[in-house]
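Single-structure report; data block below.
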Amino acid sequence: MISTAILRNIYITVMVGTIVLAVSACSSPEGNAADGQRWYRMHNCHACHGETGDDGRGPKIGGLKMGYHSFKKRLRKAKTPIMPAYSEERISDQDVADILAFLKAQQ
Ligand code: HEC
């Protein structure tokens, strides 16, 4: 017969695993603004949004209030065909967080 202690251990392991998975799915990577500035220029964001995100032809994105997940969604699939879609192969999730940190640091 399986002891209740073993069952309890299995239960705890599954519960902890579920919580860890749920938390990691919701959390956002920590962004580095200095790296973000490099990616921002490398991917030519400045061509449309300006060097600091507010002097280009595209919308003002300097000092952006957007959260990580909304921001990532907009990069992966823009609202209009004017802005290119940036797949994960082009801009990794970490680089997305870096670019966001850079934009948030602007005025
Ligand atoms: C070819 C021009 C162009 C390039 C290059 C471009 N964008 Fe955009 N971007 C736009 C336009 C136009 C919009 C508004 C329409 C839309 O969301 O598709 C926009 C919208 C956005 C928005 C949403 C702004 C808001 O307030 O809703 C974000 C964020 C953004 N761009 C970030 C970036 C980043 C980061 C890059 C570089 C990885 C980039 N864009 C490259 C033209 C561009």
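As numbered in numbering that gives the first Met the number 0, the sequence shown has no gaps in its residue numbers, which increase by one up to the final residue, 106.
In this text, a Cβ means the ideal position worked out from N, Cα and C, and glycines have one as well.
Glycine 62 sits exposed, since fewer than 16 C-beta atoms from the chains shown fall within 10 Å of its C-beta. Taking serine 86 as the centre and dropping the five residues before and after it, the same chain places the C-beta of Arg75 closer than 8 angstroms to its C-beta, in chain order. Isoleucine 81 places its beta carbon 8 angstroms or farther from that of tryptophan 38. Only residues of its own chain outside the window of five on either side were considered, and among them Gly55 have a CB closer than 7 angstroms to the CB of glycine 49, listed in chain order.
According to the DSSP assignment, methionine 41 belongs to the alpha helix (DSSP H) that extends over 32-41.
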